[in-house]
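Worksheet: the structure to be examined is printed underneath.
Residue numbers (my numbering), protein chains in the order written: chain A, 4 to 161; chain B, 12 to 198.
Rendered as structure tokens:
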């Protein structure tokens, strides 16, 4: 009688363990990408502020903004539109750069958010939200300043 | 008077330098870099459209600066693995770089529409490890735009990227195919 009870308990624990383990594995395998736009922004800055932070101390800025698993900080950046272009996927790319700054913030939009840029023109002040992919720095091989790169972007207000 | 002459000489020099630089360098921010790995277990693909590249039309110097966190995978977990310190360690090494020279640059006529073969020799730096590379590509000139395409293989172990056990060791190819596509405008 007692033996049967012990056996039953072990069986229940084993099945529960299998279910939890299998469920976790399935969840991890099919884990969705983070939804950048519905997540809270980690920092709110102007394009000049983040460019200056990077040009002053690139390593400190990388430590602050980049995450080891690639889900880096979500930023809201306010700035002046200095260029509008398309990337190879047909997504809109907005460069926010103040006059006199050595580099700016390049924000790539998505298939869902491209249309929100309709009517936005060069010279306009806007705020975009996106995930940071890399920072600004002077590259001596390119012989130019690289921009801060945001992706998965959307416009916050016009 | 002397000062004036000196100033105008300096101004002239600056103008000629800037026009010279303008004429020789092509810049691209419209780029596509793809990693493709194939094993019996599965095919894995990652795409990056945030790379910056330059080509110097005079001496053939070509540079690609690749933000590693810009690689997008279909599966979120793969992307996390790719960025982690076990694989590319993109927080420590946010950018990969290709710095090379088109050795037959004189064979490419940037003022004439056409498709030209380009031989590129140089260095590829991935995860802080620099290796010599020698690859081929094509340069297509069409009006004011120049397009570059190339496809080559890299062996991950050369750059200290090793997976010895678990799923990654069976599902990720030891050698991955890299496809590069970039569209340049004169600076």
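For glycine and all other residues, C-beta sits at the position ideal for the given N, C-alpha and C. All of these numbers come straight from a predicted model, not from anything done at the bench.
Can you list, in chain order, the residues of its chain with a C-beta nearer than 8 Å to that of residue i? Leave out the 5 residues immediately preceding and following it.
i, result
"residue 84/B", "55, 56, 57, 90, 93"
"residue 96/B", "102, 103"
"residue 141/B", "134, 135"
Can you tell me which residues form a DSSP beta bridge with residue i?
i, result
"residue 43/B", "192/B"
"residue 111/B", "73/B, 133/B"
"residue 98/A", "86/A, 109/A"
"residue 128/B", "149/B"
"residue 156/B", "153/B"
"residue 78/B", "106/B"
"residue 138/A", "Note: residue 138/A sits in no beta bridge, so no partner."
"residue 65/B", "38/B, 74/B"
Out of the options, point me to the one whose CA is closest to residue i's CA.
i, options, result
"residue 64/A", "156/A, 91/A, 137/A, 83/A", "137/A"
"residue 116/A", "51/A, 49/A, 38/A", "38/A"
"residue 79/A", "104/A, 53/A, 58/A", "53/A"
"residue 180/B", "59/B, 108/B, 76/B, 98/B", "98/B"
"residue 170/B", "59/B, 125/B, 138/B", "138/B"
"residue 195/B", "68/B, 128/B, 110/B", "68/B"
Please classify residue i: is it buried, with 16 or more other beta-carbons within 10 angstroms of its beta-carbon, or exposed?
i, result
"residue 30/B", "Because residue 30/B sits at a pLDDT of 48, beneath the cut-off of 50, its placement in the model cannot be relied upon, and the point is left open."
"residue 40/B", "buried"
"residue 42/A", "exposed"
"residue 66/A", "exposed"
"residue 150/A", "buried"
"residue 112/A", "buried"
"residue 175/B", "exposed"
"residue 65/B", "buried"
I need the DSSP call for residue i, collapsed to helix, strand or coil.
i, result
"residue 56/B", "strand"
"residue 180/B", "helix"
"residue 75/A", "coil"
"residue 93/A", "coil"
"residue 53/A", "helix"
"residue 85/B", "coil"
"residue 27/A", "helix"
"residue 59/A", "helix"
"residue 99/B", "coil"
"residue 169/B", "helix"
"residue 142/B", "strand"
"residue 50/B", "coil"
"residue 20/A", "helix"
Report all residues from its chain with a CB closer than 7 Å to the CB of residue i; omit the five preceding and five following residues, and keep chain order.
i, result
"residue 123/B", "152"
"residue 13/A", "none"
"residue 134/A", "39, 75, 77, 153, 154, 155"
"residue 34/B", "none"
"residue 163/B", "146, 189"
"residue 32/B", "The predicted model places residue 32/B with a pLDDT of 48, which falls under 50 and marks its position as unreliable, so this point remains unresolved."
Ignore the nearest five residues each way along the sequence and tell me which others in residue i's own chain have a CB closer than 6 Å to its CB.
i, result
"residue 98/A", "85, 86, 107, 109"
"residue 71/B", "112, 113, 116"
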